[in-house]
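Okay, so here's the structure we're looking at.
Numbering (this note's numbering), first residue to last: 430 to 680.
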């Protein structure tokens, strides 16, 4: 069984002795590797899809693990996990806004866990803002390649007692409005990216190169358009200046 660099990076955020729930487990690759290498004493594999759960069970048996039935749970988000039942919750392969929605659906339950290992496919800035608003501390940022994409893995630690926050919002639209600030490039490309190790900085440079080209093209297109786009162009230029600062001394 071979894990992709993305899954390996997520696996690498889990410490020895941590009980783990893998939400949206699909093939159950991370839980299997955690057990195979003696990292976790207990794993829970959860997925909203019964078909994915059947696939997970098959892979576990194929790898020599006959987990008891309670290790496999079909349900939505964190609803299948009891408060405090595990130390670490892993959620990957979903949009950042969707992950935030899963966590926000029952903030008290979410705050009962010690660590979150999150891999947003998009909207990572909004997920970082959500963690900030609810008192979770981002302890580590990791980048990993997957095909033509550079994936982000966010490891966050639970708020200390008394520092928990419960932002008020109503439904999905309310959450979107609450996290609107997270679209700012300062949330999408946090200052902590400047502290990435050398191999990670090379991946960040690839992302920045793509972003710089995207900004250049948009400014060029706006310059040819009719109408007053000065505010948007100024915004893009400010974003480019900030990203240039993030990218200084990466090589």
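C-beta atoms are modelled at their ideal positions from N, C-alpha and C, and glycine is treated no differently. Fair warning: this is a prediction, and the values are worked out from it, not measured in the lab.
Endpoints, the beta strand (DSSP E) within which residue i is located
| i | result |
| --- | --- |
| residue 545 | 544 to 549 |
| residue 517 | 517 to 523 |
Residue(s) in a DSSP beta bridge with residue i
| i | result |
| --- | --- |
| residue 572 | 581 |
| residue 476 | 503 |
| residue 450 | 473, 518 |
| residue 586 | 544, 566 |
Residue range of the unbroken alpha helix (DSSP H) whose run includes residue i
| i | result |
| --- | --- |
| residue 605 | 600 to 607 |
| residue 438 | 434 to 440 |
| residue 495 | Element bounds for residue 495: n/a, residue is neither H nor E. |
| residue 673 | 659 to 676 |
| residue 650 | 627 to 653 |
| residue 430 | Here residue 430 belongs to no alpha helix (DSSP H), and DSSP marks it neither H nor E. |
| residue 539 | 536 to 539 |
| residue 463 | 458 to 465 |
| residue 623 | Per DSSP, residue 623 belongs to no alpha helix (DSSP H) and is neither H nor E. |
| residue 617 | 614 to 617 |
Nearest neighbour of residue i, chosen from the options [CA to CA]
| i | options | result |
| --- | --- | --- |
| residue 636 | 604, 672, 480, 538 | 672 |
| residue 473 | 434, 491, 438, 513 | 513 |
| residue 665 | 640, 487, 553 | 640 |
| residue 503 | 441, 552, 530, 453 | 453 |
| residue 455 | 486, 533, 610, 509 | 486 |
| residue 592 | 600, 659, 566, 558 | 566 |
| residue 552 | 477, 528, 476, 678 | 528 |
| residue 434 | 481, 525, 548 | 548 |
| residue 458 | 650, 601, 603, 519 | 519 |
| residue 550 | 573, 524, 432, 569 | 524 |
| residue 586 | 647, 541, 461 | 541 |
| residue 506 | 530, 499, 496 | 530 |
| residue 590 | 543, 581, 608, 437 | 543 |
| residue 564 | 479, 588, 598 | 588 |
| residue 612 | 679, 470, 668 | 668 |
| residue 511 | 449, 615, 596, 470 | 449 |
| residue 677 | 573, 663, 558, 631 | 631 |
| residue 600 | 471, 464, 535, 493 | 535 |
| residue 560 | 515, 573, 595 | 595 |
Cβ-based burial, residue i [other Cβ within 10 Å; buried from 16]
| i | result |
| --- | --- |
| residue 578 | exposed |
| residue 537 | exposed |
| residue 584 | buried |
| residue 674 | exposed |
| residue 655 | exposed |
| residue 467 | exposed |
| residue 490 | exposed |
| residue 439 | buried |
| residue 606 | exposed |
| residue 445 | exposed |
| residue 475 | buried |
| residue 652 | exposed |
| residue 496 | buried |
| residue 393 | The structure shown does not extend to residue 393, since the chain spans only 430 to 680, so no value can be given for it. |
| residue 469 | buried |
| residue 447 | buried |
| residue 555 | buried |
| residue 430 | exposed |
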